[in-house]
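Just below is one structure, and these are the notes that go with it.
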């Protein structure tokens with residue numbers, strides 16, 4: 278998986294063009310507000326007045342916009358690599374990897390067959406300790422998140438220090454209301 282990510286980044290670097298980047302866009306500011314009174318409104322007021330949250334989103338901000346743009350650009354690169362006939366080895370690997378992930382009919386047909394051995398190994402775990410060891414082995418090879426996440430981040434008490442941290446894992450499912458609310462916006466979000 279790490280090799281695929283490296284290839285995608287390498288491929289992306291082939292298509293990147295330099296452009297004038299505007300780090301602070303004054304059009305997103307509201308100069309009618311004094312910064313000492315409400316700095317947030319001063320710094321973001323112009324954007325807040327113009328920005329429209331897409332109806333399929335439950336939140337929308339600059340980082341969401343960056344993510345959407347990154348996904349769009351990555352999709353464009355991968356589709357181009359998949360469609361190209363005279364490809365480099367890196368383009369072929371990226372294009373084939375993308376195509377295999379987008380073939381939902383084949384994925385549905387295969388079902389759990391690709392992970393059958395892993396599932397059998399989990400079923401055969403004799404105790405919790407063996408199961409945790411197995412989950413760590415899966416994590417080390419990049420195969421699963423499991424019931425916890427491990428990451429390096431700034432220490433909560435000393436921001437100059439980075440520490441290995443663990444957090445609760447999960448299925449990343451939304452809250453109960455996501456499934457039960459039937460107002461038009463909730464239905465639109467579920468069906469997006």
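In our numbering, the protein residues as written are 278 to 469.
Don't be surprised by glycine CBs; every beta carbon is placed ideally from N, CA and C.
Subject >> Residues near residue 319 by beta carbon distance below 8 angstroms, same chain, minus five either side >> reply: 306, 307, 308, 310, 311, 312
**OP:** Taking only beta-carbon positions, decide if residue 413 is within less than 7 angstroms of chain D.
**Re:** Note that chain D does not occur in the displayed structure, where there is just one protein chain.
Original post:
What did DSSP end up calling residue 444 once you bin it into helix, strand or coil?
Top reply: strand
Subject >> Residue burial classification, residue 368 (beta-carbon count within 10 angstroms, cutoff 16) >> reply: buried
Original post:
Contact check, residue 424 vs residue 446 under 8 angstroms by CB: the rounded distance?
Top reply: 5 angstroms
**OP:** Decide if residue 384 is buried, meaning its Cβ has at least 16 other Cβ atoms within 10 Å, or exposed.
**Re:** exposed
**OP:** Report the partner residues of residue 428 according to the DSSP bridge assignment.
**Re:** 442
Original post:
When the Cα of residue 395 is compared with those of 414, 387, 378, 380, which residue comes out closest?
Top reply: 414
Original post:
Should residue 443 and residue 466 be called a contact, given that it needs their Cβ atoms to be closer than 7 angstroms?
Top reply: no
Original post:
Going by other Cβ atoms of all chains shown within 10 Å of its Cβ, with 16 needed for buried, is residue 388 buried or exposed?
Top reply: exposed
Subject >> Closest residue to residue 358 among 347, 373, 314, 434 (Cα-Cα distance) >> reply: 373
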